[in-house]
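Mapped onto my numbering, the consecutive letters of the sequence shown carry residue numbers 20 to 159.
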Amino acid sequence: ALLIPEIVDLRPADAALLLDHADTLAGLGLVVEPFGGGAIAIRETPAILGEVDARGLVRDIVDELHDEGASRSVQSRIDAVLSRMACHGSVRSGRRMRVEEMNALLREMEATPLSGQCNHGRPTYVELKLADIERLFGRT
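Below, the structure written as structure tokens:
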């Protein structure tokens, strides 16, 4: 739970769309409530995401709900929202990590199926042969 709720101003239609899915989102750890007009109060964010841009997450989820539309199954929409949440909780490019964090991340990747790509299909790592590294440093 957040000590102080974060308030996000949305268009009233977007707020209504988000609130239509409030129970599902709460089951995923994202608790939102109406805050008047198009405003939404974010009461809780999924603990697994750690520090997260809650406002950005909510806006992305609204976008995802619009993109998915009513034509997709409920499970498909939940999967899309989970994917978006995972993206927000990921280690971003340029983030400095301690050695312990790097080792923990590598151990988690070893234990996680399909960890070689992100939810959008992009690779999460590249493999370099010794010859490639030597070439990069002008050793060949």
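Ideal Cβ positions, reconstructed from N, Cα and C, are used throughout, including at glycine. Remember, it's a predicted structure, so these values are computed and weren't measured experimentally.
Cα-Cα separation, residue i to residue j
i	j	result
P31	V81	12 Å
I152	I67	35 Å
I59	P24	9 Å
S134	E127	9 Å
V145	E119	21 Å
M121	R114	11 Å
A123	P132	16 Å
Bounding residues of the alpha helix (DSSP H) (the contiguous stretch that carries residue i)
i	result
P31	31–39
V145	No alpha helix (DSSP H) contains V145, which DSSP labels as neither H nor E.
R126	118–130
Rounded distance between the beta-carbons of residue j and residue i, thought under 8 Å
i	j	result
E63	L49	7 Å
V77	L36	V77 to L36, Cβ: 11 Å. No contact.
The ligand NAD heavy atom lying under 7 Å from the CB of residue i
i	result
D72	Among the components modelled here there is no ligand, and therefore nothing to report on the ligand NAD.
Three-state secondary structure (DSSP) of residue i
i	result
R154	helix
I67	helix
V50	strand
R78	helix
Closer than 8 Å to chain C by CB, residue i
i	result
R111	The displayed structure is made up of one protein chain only, and chain C is not part of it.
Bounding residues of the beta strand (DSSP E) (the contiguous stretch that carries residue i)
i	result
V27	25–28
Within 8 Å, do at least three Cβ pairs link the region 99–112 to the region 40–54?
yes
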